[in-house]
Amino acid sequence: MINIAICDDEKYISDKIKKLALDFFHRKNVEIKISQFGSGEELLRYNKSIDILFLDIQMDGIDGMETARKLRSQNYKGYLIFITVLKEMVFQAFEVQAYDYLVKPIEEEYFDKKMERLFASMQNANEAKLLVRKGYESNIISFDDIIFCEIIDRKIYLHLKSGEVIDYYDRIENLETKLDGRFFK
38 MINIAICDDE
48 KYISDKIKKL
58 ALDFFHRKNV
68 EIKISQFGSG
78 EELLRYNKSI
88 DILFLDIQMD
98 GIDGMETARK
108 LRSQNYKGYL
118 IFITVLKEMV
128 FQAFEVQAYD
138 YLVKPIEEEY
148 FDKKMERLFA
158 SMQNANEAKL
168 LVRKGYESNI
178 ISFDDIIFCE
188 IIDRKIYLHL
198 KSGEVIDYYD
208 RIENLETKLD
218 GRFFK
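Start counting the sequence shown at 38; every next residue gets the next number (the numbering used here).
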């Protein structure tokens with residue numbers, strides 16, 4: 038499952054991005070979970086993993102750029118996509134390692150083009166991630182989020198920093214070939 042967050046103080050924009058993301062990932066047969074936030078402050082209080090973040094630059098209170106700086110200082114490593122009406126703000130996005138940006142108004146064809154590029158990057162990312170398949174559900178888990186793994190009765194349990202435990206059936210040997218040197222028996 039891919040965790041997506043949308044942070045925009047204009048609800049109709051947030052809802053539109055949500056619909057476009059649901060449609061796009063449905064066509065890719067990828068399960069997603071979307072969380073929506075109306076302010077940078079609200080987003081910063083959220084303590085769950087976010088793989089893709091759509092973040093409006095201009096918001097009341099803490100703006101998107103400051104929110105991004107705070108997230109990066111907290112070691113946020115997900116894909117950051119800014120939402121803006123001001124193309125000139127895009128150059129500041131490099132300061133916080135933004136992956137891309139969407140210029141309002143956002144149309145489906147434009148959104149899909151950006152998402153195709155992102156989706157390809159996610160599949161080819163060098164960052165150490167583990168793809169876990171459980172039935173029809175898929176989870177992408179960063180190695181950095183895994184505290185430890187254990188196997189009980191042929192079921193693997195991944196204990197994550199968030200407190201979440203993901204379980205699935207596989208052989209420990211298969212897991213060992215996917216993990217790097219930080220993990221051992």
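Even for Gly, the Cβ is constructed at its ideal location relative to N, Cα and C.
- Local conformation of Ile39 per DSSP, three classes: strand
- Query: If we call anything under 8 Å between Cβ atoms a contact, is Met102 one with Ile89?
  - Reply: no
- Task: Please classify Leu168: is it buried, with 16 or more other beta-carbons within 10 angstroms of its beta-carbon, or exposed?
- Result: exposed
- Query: By Cβ distance, which residues of its chain are closer than 8 Å to Lys166, with the 5 residues on each side in sequence left out?
  - Reply: Ile177, Ile178, Ser179 and Phe180
- First through last residue of the alpha helix (DSSP H) which encompasses Ile50: Lys48 to Arg64
- Message: For a minimum of 4 consecutive residues, which ranges assigned as the alpha helix (DSSP H) are wholly contained in the stretch 137-184?
- Response: 145-161
- Look at the alpha carbon of Ile69 and the alpha carbon of Ala105, and state the distance between them as a whole number of angstroms. 22 Å
- Query: In the DSSP assignment, what residue or residues form a beta bridge with Leu92?
  - Reply: Cys44 and Phe119
- Item | Coil, strand or helix - Val67 by DSSP | coil
- Around the Cβ of Asp190, are there at least 16 other Cβ atoms within 10 angstroms (buried) or fewer (exposed)? exposed
- Query: Tell me which same chain residues have a C-beta within less than 7 Å of the C-beta of Lys55, skipping the five on either side of it?
  - Reply: Ile43, Ile71 and Gln73
- Item | Those residues which DSSP pairs with Ala197 across a bridge | Note on residue identity: the sequence assigns Leu, not Ala, to residue 197. In the DSSP output, where bridge partners are listed per residue, Leu197 has Ile183.
- Message: Quick check: the Cα distance between Ile85 and Arg109, rounded to an integer number of angstroms?
- Response: Looking at the sequence itself, residue 85 is Lys, so the reference to Ile does not match. Lys85 and Arg109: Cα-Cα distance of roughly 15 Å.
- Query: With 16 as the cutoff for other CB atoms within 10 Å, does Phe131 come out buried or exposed?
  - Reply: exposed
- Message: By the three-class DSSP mapping on this structure, what secondary structure does Gln129 have?
- Response: helix
- Query: Do you know how far the Cα of Ser158 is from the Cα of Ile193?
  - Reply: 28 Å
- Give the straight-line distance between the Cα atoms of Arg170 and Phe119, rounded to the nearest whole angstrom. 30 Å
- How would you write the range of the alpha helix (DSSP H) that Ile209 sits in, first residue to last? Ile209 to Lys215
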